[in-house]
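A quick write-up on the structure given underneath.
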Amino acid sequence: MAEVRLSNITKKFGALTVIPDMSLTVPDGSFTVLVGPSGCGKSTLLRIISGLEMPSDGEVMIGGEDVTFAEPSDRGISMVFQSYALFPHMTVAQNIDFGLRLAKTPAAEREARVAEAARILALEDYLDRKPGQLSGGQRQRVAIGRSIVRQPKVFLFDEPLSNLDAALRGQMRVELAQLHQSLDATMIYVTHDQVEAMTLADQIVVMNRGRIEQVGAPMELYDRPMTEFVAGFIGSPKMNLLPGEAIGRHDVKTVGIRPEHLRADHESGDWPATAKVVETLGADTVVYADAGALGEITVRLPGNMRLNAGERLFLSPEPGNLHLFDKDGNRMEQTS
Ligand SMILES: Nc1ncnc2c1ncn2[C@@H]1O[C@H](COP(=O)(O)OP(=O)(O)O)[C@@H](O)[C@H]1O
Ligand SMILES: [Mg+2]
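Numbering (the numbering used here) for the sequence shown: 1 to 336.
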């Protein structure tokens, strides 16, 4: 277990500055999730923490120790990638054991650690199989097993589930949450999956172009996004971002309202609209409506509300759930 502290990290690739100046504390034992658009520097940041990449400037501390110039193997970290390169000719047990054998860990200890990892990951029945005889989810568990046996202080995950289908991703997500609870280790996890970020994280770090937009607990980001960027990034379906004139406020550049914070009515309401696409999901119904000059508005309605494409309706925001942003995209406090 260890805190990870980044101070004034800068990363340049030639003339390209990918991370201008980043400071971040990942608390000991936390599950910290990094999210942000493709190319914003998430993988680069993980690689800097792991030592696979050197920062151009700044400091990396792990467990109170300055590891900025330490070898990856001396940092007490372990990294799990999206493409889990297992050795196809080795069994599951041999794959999990591989790093320990390289590190010349004594045989008895290796055996105990592999058995423990297999137990945690429910791989006991598969230890003699080859990777080719496993499902995608089982293979990813083996990759995680290779990390666990090394007993790292910090686990780094770079989109580990993105190659799996939706059902498996859901299952692995639950397993990762349990893994975090049982190991009590610090985990830093990169994903572009909203649900993974919201459900796994103690702390979400929203990145944009190599900078931190906001750090906070999932519901803090959901309830109080400090920038228009975070407002549009966190939440699925996405928050509606409408011009300030939608609420008659000329000092407001953008007003944000989440799809679940809109009411729909056939008779009256604030914004007349026409349902364009109606997605019936069961528990809820998502309606994409055309609101004329205001643009398209997404509404999430209870699943028992019947609505057809082409129907006219009126949309009204629930009071208290508007998010106002100024011309620089910064949150404004509501005055009304
Ligand atoms: N080794 C490299 N050489 C040059 N540019 C790189 C290198 N690694 C990453 N980059 C650039 O750095 C930026 C951030 O990349 P990356 O950290 O992989 O983003 P993310 O993981 O958020 O998608 C991108 O513009 C990418 O092209
Ligand atoms: Mg990446």
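Glycine included, each C-beta is placed from N, C-alpha and C at the ideal position.
Quick one: what does DSSP say residue i is sitting in, helix, strand or coil?
i	result
T191	coil
K130	coil
I234	coil
L301	strand
E65	strand
V18	strand
F31	strand
H261	helix
D251	coil
E59	strand
H323	strand
M219	helix
S336	Residue placement at S336 is poorly supported in this model, since its pLDDT is 49, which falls under 50; the coordinates still yield a value, given next. Note: S336 maps to coil in three-state DSSP.
Less than 6 Å between C-beta atoms, sequence neighbours within five positions excluded: which residues of the same chain meet that for residue i?
i	result
N321	H261
E311	A275
S336	The predicted position of S336 is uncertain, since its pLDDT is 49 and thus under 50; no value can be drawn from it.
A143	V80, Y84
D202	S30, F31
Output needed for residue i: all residues of its chain with C-beta closer than 8 Å, excluding positions within five of it in sequence on either side, in chain order.
i	result
D128	T91, V92, A93
K42	L34, V35, G36, D158, V190, M207
V18	K11, K12, G41, T44, G210
G342	Since the first residue of the chain shown is 1 and the last is 336, residue 342 is not available in this structure.
By a C-beta neighbour count over all protein chains shown, 10 Å radius and 16 as the cutoff for buried, is residue i buried or exposed?
i	result
S23	exposed
R258	buried
L141	Here the sequence assigns Arg to residue 141, which means Leu is not the residue at that position. When all chains shown are included, R141 counts as buried.
P88	exposed
Mind checking which residues open and close the beta strand (DSSP E) that includes residue i?
i	result
Q367	Beyond the ends of the chain as shown, which are 1 and 336, falls residue 367; an answer cannot be given.
L294	First-last for L294: undefined, no H or E at that position.
K276	271–280
Q203	203–208
T10	4–13
V149	Element bounds for V149: n/a, residue is neither H nor E.
S78	77–80
Hey, quick one: how far does the alpha helix (DSSP H) through residue i stretch, first residue to last?
i	result
I96	92–102
A166	166–183
Are the beta-carbon atoms belonging to residue i and residue j less than 8 Å from one another?
i	j	result
I188	L164	no
L161	R150	no
G63	G76	yes
H266	L313	yes
L176	G145	no
S236	Q178	no
V154	A185	yes
T227	N330	yes
Within the same chain, show all residues whose beta-carbon is closer than 7 Å to that of residue i, passing over the 5 residues directly before and after it, in chain order.
i	result
G198	Residue identity check: residue 198 is Met in the sequence provided, not Gly. Around M198: P218.
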